[in-house]
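**Student:** The structure's right below; bear with me while I get my questions together.
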Amino acid sequence: MSTAQFVQYLVSGVTQGSIYALIGLGFTMIYAVTKIINFAQGEFVMLGGMLSFTLAHSAGLPLAPALIISVIVAALVGAAMYIFAIRPAKSASVVSLIIITIGAAIFIRGLAGVLWGVDSVRPPFFTGSRSISFLGAYIHPQALWIIGTTVVVTIILHLFLAYTMVGKALKACAINPVASSLVGINPRTMALIAFVLAAAVGGIGGVVMAPLTLTSYNVGVMLGLKGFVAAAIGGFKSPLVAVFGGLLLGVVESLAVAANWGPFTSAYKDAIAVIVLLLILLIRSGRLAEEEMTG
Amino acid sequence: MLSRLKSKWSYVVIAALLTLSILLPFDWFLSQYTTLAIFIGIYTIVTVGLCLLMGYTGQVSLGQAAFFGIGAYISAILSKTYGVNPWLAMLIAAIMTGAFAYIIGYPIFRLKGNYLAMATLGLGLIMWILFRELSHFTGGPDGMSGIPYLSIGGFVFNTSFRRYFLVWFFCLAVLLISQNIVRSRVGRALRAIHGSEAASESIGINVEQFKVKILVLSAVYASIAGSLFVHHLRFVSPGTFDFLASVKLVVMAVIGGLASVWGAIFGAGATRILSDEILLRFGQWDIVIYGLILVLVMIFMPEGLFVRLKEIFERLRLMYRQRGVEP
Numbered sequence: 246m247s248t249a250q251f252v253q254y255l256v257s258g259v260t261q262g263s264i265y266a267l268i269g270l271g272f273t274m275i276y277a278v279t280k281i282i283n284f285a286q287g288e289f290v291m292l293g294g295m296l297s298f299t300l301a302h303s304a305g306l307p308l309a310p311a312l313i314i315s316v317i318v319a320a321l322v323g324a325a326m327y328i329f330a331i332r333p334a335k336s337a338s339v340v341s342l343i344i345i346t347i348g349a350a351i352f353i354r355g356l357a358g359v360l361w362g363v364d365s366v367r368p369p370f371f372t373g374s375r376s377i378s379f380l381g382a383y384i385h386p387q388a389l390w391i392i393g394t395t396v397v398v399t400i401i402l403h404l405f406l407a408y409t410m411v412g413k414a415l416k417a418c419a420i421n422p423v424a425s426s427l428v429g430i431n432p433r434t435m436a437l438i439a440f441v442l443a444a445a446v447g448g449i450g451g452v453v454m455a456p457l458t459l460t461s462y463n464v465g466v467m468l469g470l471k472g473f474v475a476a477a478i479g480g481f482k483s484p485l486v487a488v489f490g491g492l493l494l495g496v497v498e499s500l501a502v503a504a505n506w507g508p509f510t511s512a513y514k515d516a517i518a519v520i521v522l523l524l525i526l527l528i529r530s531g532r533l534a535e536e537e538m539t540g
Numbered sequence: 017m018l019s020r021l022k023s024k025w026s027y028v029v030i031a032a033l034l035t036l037s038i039l040l041p042f043d044w045f046l047s048q049y050t051t052l053a054i055f056i057g058i059y060t061i062v063t064v065g066l067c068l069l070m071g072y073t074g075q076v077s078l079g080q081a082a083f084f085g086i087g088a089y090i091s092a093i094l095s096k097t098y099g100v101n102p103w104l105a106m107l108i109a110a111i112m113t114g115a116f117a118y119i120i121g122y123p124i125f126r127l128k129g130n131y132l133a134m135a136t137l138g139l140g141l142i143m144w145i146l147f148r149e150l151s152h153f154t155g156g157p158d159g160m161s162g163i164p165y166l167s168i169g170g171f172v173f174n175t176s177f178r179r180y181f182l183v184w185f186f187c188l189a190v191l192l193i194s195q196n197i198v199r200s201r202v203g204r205a206l207r208a209i210h211g212s213e214a215a216s217e218s219i220g221i222n223v224e225q226f227k228v229k230i231l232v233l234s235a236v237y238a239s240i241a242g243s244l245f246v247h248h249l250r251f252v253s254p255g256t257f258d259f260l261a262s263v264k265l266v267v268m269a270v271i272g273g274l275a276s277v278w279g280a281i282f283g284a285g286a287t288r289i290l291s292d293e294i295l296l297r298f299g300q301w302d303i304v305i306y307g308l309i310l311v312l313v314m315i316f317m318p319e320g321l322f323v324r325l326k327e328i329f330e331r332l333r334l335m336y337r338q339r340g341v342e343p
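Taken in order, these protein sequences are the chains called A and B. Here the first sequence is numbered in this note's numbering, starting from 246 and rising by one per residue. Here the second sequence is numbered in this note's numbering, starting from 17 and rising by one per residue.
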């Protein structure tokens, strides 16, 4: 493989990985505050992409407001999901909560299928499609948007958690919900905020991703799984490691497909993520089990 | 007295169901539902396994369709491509699926809760990808057709009428076996595991072994159902075993009442009727309804719809009796 080819695959891996990173951020945030794995996380990405297509392409809105509205709607769906599906199930078991979030996921996915049909769609590119040459590789401007957005979102989120009152409250709630409710932090409000933030981040991912990778009503499951892998690399604790995990997974996928050895042709691309997932889970299973019991 | 009456009641219900199920294919009006009833029987078999795994043992599987698919494809490939006797193919499929479950059982049950759910989801996806991509064996996305019928001697199960009895013979056998397991020492051990793994371990239950055994049993059930499925439809394609298929199996188990063996018929029946008869014309709406059902049932009746309905029925009956006793 030449350097140019390598760079090409690397860039495409980082681009894909950025999306996984954003989804992984969402998983981590919700898990930290509520100890729930939200199996509907990928659906927010789908919603962001599909909404931006409808608003920017079908409804003919200017791009910027179309994108912002898409993200806001995705965030609202996240809020609705928490209020109508998660909060009423107060003290449900882990199994029940898994089934509830899966139920919410296929509910959202089904409605999307009804509303938008089953075809793949492509929202307009943000800034055209003239590739930029870099070290012999061609980089699509949308890829730069994806990578840039991920960097900005990660930084903003980090600053938000570290320096704002709400961010600190979220952190406190993640560390110890009982103690934080004693000092006046309402865990339910924090959980709602976590869901809204996770959905918004997912929506942003969907909005920037869709023009390049296309989107359809059923992309949520696979993206959710890959975001989960990213979050699992971070142990569902560290947002920054989740971002790193997402990028890593994207690059591994891309290079594995590029290497084309053995059975790993592009048809098996999705299987790579699953294998990585199983490896991580099994390697970490001892620690994860402990956390599950104490957490 | 109460318990005797209770069992009398359940015998009446079972007798009524049996009569109905035997009459179903004979009656000219009902016989149009024979195919539907066959599918209900097939899915009941898978659902019972999932109920044992999820309801009694408390272990989530979001990849149960994979076992269903392995059974289906092994049966299809052996009997069609290699001309193996379908019954032998079915047996080999069940053994291989069980062995597969046994091999993945030990590593995968080191995981719990959310991680177990995601791992089973992942395994389901891998199998689905393999069904699709190993097109040399499986026919790829288009699937395989022309799979032979099952037969005993010269008696070929080549009509829905005949297959109906075949499928329900298996289905009732699976239900009775499961019923016995649940009421035995093993069943009590499983419920203990669901209650608390640490406590079960402390009274000498080998938690890991029981979990793996139940996984193997549920995989064998799913495999048998898969074999019956391909020999009924004579066609198989990967779409039947995707992620949604696994979720639909969970819906069936949830509607049936997770910890209820007989509820599986109710769950599989309600879901198949909803899919095949009522919502078929509405495209994606069935998924929307299933999503809603999952959320609502888990919030308001985590023990499952069927179990809850049974409870309500019991309470009404008690109220009625009390009123009758009082002068």
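Positions of the beta carbon are idealized from the N, C-alpha and C atoms, including for glycine.
Is the beta carbon of alanine 476 of chain A closer than 8 Å to that of threonine 273 of chain A?
**Tutor:** yes
**Student:** Which ranges would you report for the alpha helix (DSSP H) in the region 241-299 of chain B if only whole runs of at least 4 residues count?
**Tutor:** Counting whole runs of 4 or more residues, the region 241-299 of chain B contains the alpha helix (DSSP H) stretches 259-272 and 279-289.
**Student:** Under 7 Å Cβ to Cβ from serine 262 of chain B, same chain only, skipping five residues before and after it: list those, please.
**Tutor:** Leu78, Gly79, Gln80, Ala81 and Gly140
**Student:** My assumption, with CB atoms under 8 Å, is that phenylalanine 322 of chain B sits in contact with serine 276 of chain B. Please give the rounded CB distance.
**Tutor:** 6 Å
**Student:** May I ask you to report which of helix, strand or coil DSSP gives tyrosine 180 of chain B?
**Tutor:** Three-state result, tyrosine 180 of chain B: helix.
**Student:** List the endpoints of the continuous alpha helix (DSSP H) containing phenylalanine 173 of chain B.
**Tutor:** Here phenylalanine 173 of chain B belongs to no alpha helix (DSSP H), and DSSP marks it neither H nor E.
**Student:** In three-state DSSP terms, what is phenylalanine 371 of chain A?
**Tutor:** coil
**Student:** Buried or exposed, going by whether 16 or more other CB atoms sit within 10 Å of the CB of phenylalanine 245 of chain B?
**Tutor:** buried
**Student:** Taking 8 Å as the CB-CB limit, is glycine 355 of chain A close to chain B?
**Tutor:** yes
**Student:** Of all the CB atoms in chain A, is at least one closer than 8 Å to the CB of tyrosine 306 of chain B?
**Tutor:** yes
**Student:** With 8 Å set as the bound, which would you pick, yes or no: does the beta-carbon of proline 254 of chain B sit closer than that to a beta-carbon of chain A?
**Tutor:** It does not; no Cβ of chain A falls within 8 Å.
**Student:** Please identify the residue among B:Gly203, B:Ser91 and B:Ile142 whose C-alpha is closest to the C-alpha of isoleucine 230 of chain B.
**Tutor:** B:Gly203
**Student:** Taking only the alpha-carbon atoms, compute the straight-line gap between isoleucine 30 of chain B and alanine 53 of chain B and give it to the nearest angstrom.
**Tutor:** So the alpha carbons of these two residues sit roughly 17 Å apart.
**Student:** For lysine 96 of chain B, is the classification buried or exposed, using 16 other Cβ atoms within 10 angstroms of its Cβ as the cut-off for buried?
**Tutor:** buried
**Student:** Tell me the rounded alpha-carbon separation between lysine 413 of chain A and alanine 407 of chain A.
**Tutor:** One C-alpha to the other measures close to 6 Å.
**Student:** Going along the chain, which residues of the region 351-382 of chain A sit with their C-beta nearer than 7 Å to a C-beta in chain B?
**Tutor:** Ile351, Phe352, Arg354, Gly355, Leu356, Gly358 and Val359
**Student:** Would you mind listing the alpha helix (DSSP H) stretches within the region 117-161 of chain B that are 4+ residues and don't spill past its ends, in chain order?
**Tutor:** 129-149 and 151-154
**Student:** Does the beta-carbon distance from phenylalanine 440 of chain A to glycine 323 of chain A come in below 8 Å?
**Tutor:** It is a contact, given that the beta carbons lie within the stated cut-off.
**Student:** Output yes or no for whether 8 Å exceeds the beta carbon distance between proline 102 of chain B and serine 253 of chain B.
**Tutor:** no
**Student:** Which of the three DSSP states is assigned to valine 464 of chain A in this structure?
**Tutor:** Correct three-state label for valine 464 of chain A: coil.
**Student:** Going by Cα to Cα distance, which pick from A:Val497, A:Ser336, A:Gly381 and A:Gly373 is closest to valine 474 of chain A?
**Tutor:** A:Val497
**Student:** Indicate whether valine 366 of chain A and threonine 460 of chain A have their beta-carbon atoms separated by less than 8 Å.
**Tutor:** yes
**Student:** From the DSSP secondary-structure annotation, give me the bridge partner or partners of alanine 382 of chain A.
**Tutor:** Answer is A:Phe379.
**Student:** Can you pull the chain A residues whose beta carbon is under 7 Å from the beta carbon of methionine 15 of chain B, in chain order?
**Tutor:** No information on residue 15 of chain B is available, as it lies outside the stretch 17 to 343 that chain B covers here.
**Student:** Taking serine 338 of chain A as the reference, give the member of B:Gly155, B:Arg333 and B:Phe316 with the closest Cα.
**Tutor:** Nearest option by C-alpha distance: B:Phe316.
**Student:** Quick check on proline 343 of chain B: does DSSP put it in helix, strand or coil?
**Tutor:** Unreliable placement is indicated for proline 343 of chain B, whose pLDDT of 44 sits below 50; no coordinate value is reported for it.
**Student:** In chain B, which residues lie with their C-beta within 7 Å of the C-beta of phenylalanine 473 of chain A?
**Tutor:** Met134
**Student:** Please confirm whether leucine 444 of chain A and valine 278 of chain A have their CB atoms less than 8 Å apart.
**Tutor:** Residue identity check: residue 444 of chain A is alanine in the sequence provided, not leucine. No, the pair does not count as a contact, with Cβ atoms beyond the cut-off.
**Student:** Which runs of the alpha helix (DSSP H) at least 4 residues long sit entirely within the region 76-117 of chain B? Give them in chain order.
**Tutor:** 80-92
**Student:** Please name the residue in A:Thr399, A:Ile345, A:Ile384 and A:Gly480 whose C-alpha comes closest to that of serine 263 of chain A.
**Tutor:** Ranked by how close their Cα comes to the Cα of serine 263 of chain A, the residues A:Thr399, A:Ile345, A:Ile384 and A:Gly480 have A:Thr399 in first place.
**Student:** Going by DSSP, what residue range makes up the alpha helix (DSSP H) through threonine 458 of chain A?
**Tutor:** 432-458 is the span of the alpha helix (DSSP H), which, as asked, contains threonine 458 of chain A.
**Student:** Would you mind sorting alanine 309 of chain A into buried or exposed? The rule is 16 or more other CB atoms within 10 Å of its CB.
**Tutor:** exposed
**Student:** Just to confirm, is the Cβ distance from valine 190 of chain B to valine 64 of chain B under 8 Å?
**Tutor:** yes
**Student:** Identify which residue in A:Ala311, A:Leu522 and A:Val318 has its Cα closest to the Cα of phenylalanine 371 of chain A.
**Tutor:** For phenylalanine 371 of chain A, the closest of A:Ala311, A:Leu522 and A:Val318 by C-alpha to C-alpha distance is A:Ala311.
**Student:** Under 8 Å by Cβ, that's how I've got phenylalanine 259 of chain B and phenylalanine 147 of chain B pegged, so tell me the actual separation to the nearest angstrom.
**Tutor:** Their Cβ separation, rounded to whole angstroms, is 13 Å, which puts phenylalanine 259 of chain B and phenylalanine 147 of chain B out of contact at 8 Å.
**Student:** Return the residues of the region 139-151 of chain B that lie within a Cβ-Cβ distance of less than 7 Å from chain A, sorted by chain order.
**Tutor:** Leu141, Ile142, Ile145 and Glu149
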